[in-house]
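Here the structure is laid out as structure tokens; the discussion comes afterwards.
Residue numbers (our numbering): 6 to 191.
Now the structure itself:
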């Protein structure tokens, strides 16, 4: 799917670009650009760099600056401050481990597409009330796996998921075969 790299993109565009969104933890800025170039060369452009290390923001900046064909995203966004820092570092989308209206609104205000994390029906309903229909299912394996997503396809027929957490090369095809799963994270 072609994405306008200079403009905004939707969460659905993020999810549909490739079957996997890599969840990247970087401890060394020197590794960021070579890793991003390798992923892009392999056909993966949506790169979720998690805010789990002190170097994460500098890594996002380096990728955004030096690998323009990559689309940098920020993972582990838990607050308005995280969203702002990620946007300042060049992130074009955000992924959160859970959902709050404050994080959702912050991402909207910043023009960041958000894949909010959910693990229960109530969380899905809260995110949907705030206008989010593309969601991260986390932690996928621990919260019920592909069986839960299959069950959710009835009451939440209009929601798309990116399951993350405990996925492997062995079980990812089970998730990707579901109509409500657009990609996986891992």
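Glycine included, C-beta positions come from ideal geometry on N, C-alpha and C. Remember, it's a predicted structure, so these values are computed and weren't measured experimentally.
With distances taken from CA atoms, which of the options is nearest residue i?
i	options	result
residue 76	106, 13 and 170	13
residue 69	38, 175, 57 and 141	38
residue 172	160, 183, 144 and 90	144
residue 108	187, 82 and 23	82
residue 156	105, 186, 28 and 61	186
residue 60	36, 114 and 117	36
residue 56	165, 140 and 80	80
residue 63	130, 96, 125 and 106	96
residue 161	177, 146, 181 and 130	130
Please check the pair residue i and residue j, which I expect to be a contact at CB under 8 Å, by giving their CB distance rounded to whole angstroms.
i	j	result
residue 102	residue 78	14 Å between Cβ atoms; not a contact.
residue 58	residue 34	In fact, because the Cβ distance is near 10 Å, the residues do not count as touching under 8 Å.
residue 179	residue 158	Between residue 158 and residue 179 the Cβ distance is about 14 Å, and since that is not below 8 Å, they are no contact.
residue 189	residue 49	Contact flag wrong, Cβ pair sits at about 12 Å.
residue 104	residue 134	Not quite, the Cβ-Cβ distance comes to about 10 Å (not below 8 Å), so this is no contact.
So, residue i versus residue j, is the Cβ gap smaller than 8 Å?
i	j	result
residue 86	residue 65	no
residue 191	residue 175	no
residue 119	residue 91	no
residue 183	residue 140	no
residue 166	residue 137	no
residue 67	residue 88	no
residue 52	residue 73	no
residue 132	residue 148	no
Can you tell me where the beta strand (DSSP E) with residue i in it begins and where it stops?
i	result
residue 14	Note, residue 14: premise wrong, no beta strand (DSSP E); not H, not E.
residue 140	139–142
From which residue to which residue does the alpha helix (DSSP H) around residue i run?
i	result
residue 153	150–157
residue 44	34–46
Can you list the alpha helix (DSSP H) stretches of 4 or more residues lying completely in the segment 54–134, in chain order? Those alpha helix (DSSP H) runs which fall completely within the segment 54–134 and span 4+ residues are 61–71, 85–93, 106–115 and 126–134.
Taking only runs of the beta strand (DSSP E) that begin and end inside the segment 161–186, which ones reach a length of at least 3 residues, in chain order? Counting only runs that start and end inside the segment 161–186, the beta strand (DSSP E) elements of at least 3 residues fall at 165–168.
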